[in-house]
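S.K.:
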Amino acid sequence: MDYFSSGFKLGILGGGQLGKMMLYETRKWDIYTKVLDASSEAPSRMSCNEFAQGSLLDFDTVYNFGKDVDVLTIEIENVNLDALEKLEDEGVKVYPQPKALRIIQNKAKQKLFYVDNEIPTADFQRFAYLSEIEDSIENGGLQFPFVWKVAQFGYDGQGVKVVRSLADLKGLPTGECITEVMIPFKNELAVIVSRNSEGEIKTYPVVEMEFHPEANQVEYVICPARIDDKVAEKARALALKVANKIGLTGLLAVEMFQTEDDKILVNEVAPRPHNSGHYSIEASYTNQFEQHIRSILGLPLGNTDSKVAGVMVNLVGAEGHTGDVVYKNIEEILAMEGVTPHIYGKAQTRPFRKMGHVTIVNSDLEKARAIAEKVKETIQVISK
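Read left to right, the sequence shown gives residues 1 to 384 (UniProt numbering).
#1: Considering only their Cβ atoms, is the gap separating SER194 from TYR95 smaller than 8 Å?
#2: Rounded to whole angstroms, what is the Cα-Cα separation between LYS374 and LEU315?
#3: What residues in its chain sit with their C-beta under 7 Å from that of LYS234, if we drop five residues either side in the sequence?
#4: May I ask you to list the residues that DSSP assigns as paired with TRP29?
#5: Given a threshold of 16 other Cβ atoms within 10 Å of its Cβ, counted over all protein chains shown, does VAL115 qualify as buried or as exposed?
#6: Spell out the partners DSSP gives HIS306 in its beta bridges.
#7: How is LYS230 classed by DSSP in three states: helix, strand or coil?
#8: Leaving out five residues before and five after SER55 in sequence, what residues of the same chain have Cβ atoms less than 6 Å from its Cβ?
#9: In three-state terms, what does DSSP make of GLN217?
#10: Can you tell me which of the three DSSP states GLU75 falls into?
#11: For the candidate residues THR179, LYS28, ASP82, whose alpha-carbon lies nearest to that of LYS111?
#12: Between the Cα of LYS202 and the Cα atoms of ARG102, LEU72, ASN303, which residue gives the shortest distance?
#13: I need the straight-line Cα distance from GLN380 to GLY141, nearest angstrom please.
#14: Exposed or buried, what is GLU255 when buried is set at 16 or more other beta-carbons lying within 10 Å of its beta-carbon?
#15: Count the other C-beta atoms from every protein chain shown that fall within 10 angstroms of the C-beta of VAL326, then say buried if there are 16 or more, exposed otherwise.
#16: Might you give, ordered along the chain, the residues of its own chain that have their beta carbon closer than 7 Å to the beta carbon of GLY14, omitting 5 neighbours on each side?
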């Protein structure tokens, strides 16, 4: 099929920042795009050829949107899978495939999948209701501290909490959830795997993630990870195993723990471009968004190597600020060496909302990390 400057139509479910960055690539190649998002203010609305407003979880909305496109993809996994399955049955190419999304969309199913496929992961328990956790604690079946995760529709730090006492359970959603044993780890790592519709598969280098202690969001992503080569090889091999077992077409971000004794455990996966791959826009030969487009269109995969070391800093809304956004001191960071800000186009800020990211590239990784720290200290995402 001819994708470029043609009648071909690519549909994207979700119009957030990941969709916006995907659209940088479709515009580069003149691929016609249609985006669906619940918000009229979605960051992607300016960059696509057609924009539709509606719920990603509503069957009719997703089905009617998808009937009109040749290939349908996602930028968020929280979408109506029944509609995607019907579209797939009717001949629309849906990537990643709904059967893979069924495994990933629910954390309990995801964990059971790892166990069934002998993929190392933290021990877990599954609960239909939050109240069952309290019973389990009383009966000695569950010990503090543990990690609570909502089963359905959690993502990127949403729906995750470290529970150290009964009081920490207050205010959490009451439905299906899992608990995981707390892993004492040295590093949190991630590997992005790309797999095209012809079965070609490649991994990006292992990145290291530094987390914000309160918000449970990534603060820095460092590429390459500052780990032993053998550990890096183990992480890439495990990410490949996960991708091959799930068998999806597109990108799979595999988040992992490196334990104190250098075991690698899979934490969770995301079936799309991911925060841990944003560095690639400036630092890689082929960035993750271009690779996603190559994957779902069955085009040859690009070179995943880095041209240069990269560190990414997330720009999140400052605490105590809600309202029209202001990026304070952005001129100062633009004066720093190798610094590129990406502003997502969200008009309203609130505490810890992802508003953008900044990539710092340098031939010296430690220099890039030091500049990243300066960027973090300098720029402020505040309200007017």
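The beta carbon of each residue, even a glycine, is placed where N, CA and C say it ideally should be.
M.R.: According to the structure data:
#1: Looking up residue 95 in the sequence shown gives position 95. Looking up residue 194 in the sequence shown gives position 194. It is not a contact, given that the beta carbons lie outside the stated cut-off.
#2: Here residue 374 refers to the residue found at position 374 when the sequence shown is read from its first residue. Here residue 315 refers to the residue found at position 315 when the sequence shown is read from its first residue. Those two C-alpha atoms are separated by around 13 Å.
#3: For this step, residue 234 is matched to residue 234 along the sequence shown. Scanning its chain for C-beta atoms nearer than 7 Å, with the 5 sequence neighbours on each side dropped, one finds around LYS234 the residues ILE264, in chain order.
#4: Translated into positions along the sequence shown, residue 29 becomes position 29. TRP29 pairs with nothing; no bridge assigned.
#5: The residue given as residue 115 occupies position 115 in the sequence shown. Around the CB of VAL115, fewer than 16 other CB atoms lie within 10 Å, so the residue is classed as exposed.
#6: Here the question's residue 306 lines up with position 306 in the sequence shown. Contrary to the premise, residue 306 reads as Ser rather than His in this sequence. According to DSSP, which records beta bridges pairwise, SER306 is partnered with SER284.
#7: The residue you call residue 230 lines up with position 230 of the sequence shown. Note: LYS230 maps to helix in three-state DSSP.
#8: Along the sequence shown, read from residue 1 onward, the residue named residue 55 stands at position 55. In its chain, beyond the 5 residues on either side, ALA38, THR61 have a beta carbon closer than 6 Å to the beta carbon of SER55.
#9: The residue given as residue 217 occupies position 217 in the sequence shown. Residue state for GLN217 is assigned as coil, using DSSP reduced to three classes.
#10: The residue labelled residue 75 in the question sits at position 75 within the sequence shown. Of the three classes helix, strand and coil, the one that applies to GLU75 here is coil, per DSSP.
#11: Start at 1 with the first residue of the sequence shown, and residue 111 comes out as number 111. Measuring from the Cα of LYS111, the nearest candidate turns out to be THR179.
#12: If you number the sequence shown from 1, residue 202 lands on position 202. Measuring from the Cα of LYS202, the nearest candidate turns out to be ASN303.
#13: The count along the sequence shown starts at 1 and reaches residue 380 at position 380. The count along the sequence shown starts at 1 and reaches residue 141 at position 141. Spanning the two alpha carbons is a distance of roughly 44 Å.
#14: Numbered from its first residue, the sequence shown carries residue 255 at position 255. Buried, since its Cβ has 16 or more Cβ neighbours within 10 Å.
#15: Position 326 of the sequence shown holds residue 326. By the neighbour-count rule (16 or more Cβ atoms within 10 Å), VAL326 is not buried but exposed.
#16: For this step, residue 14 is matched to residue 14 along the sequence shown. Taken in chain order, the residues that qualify are ASP37, LEU56, ILE74, GLU75, ILE76.
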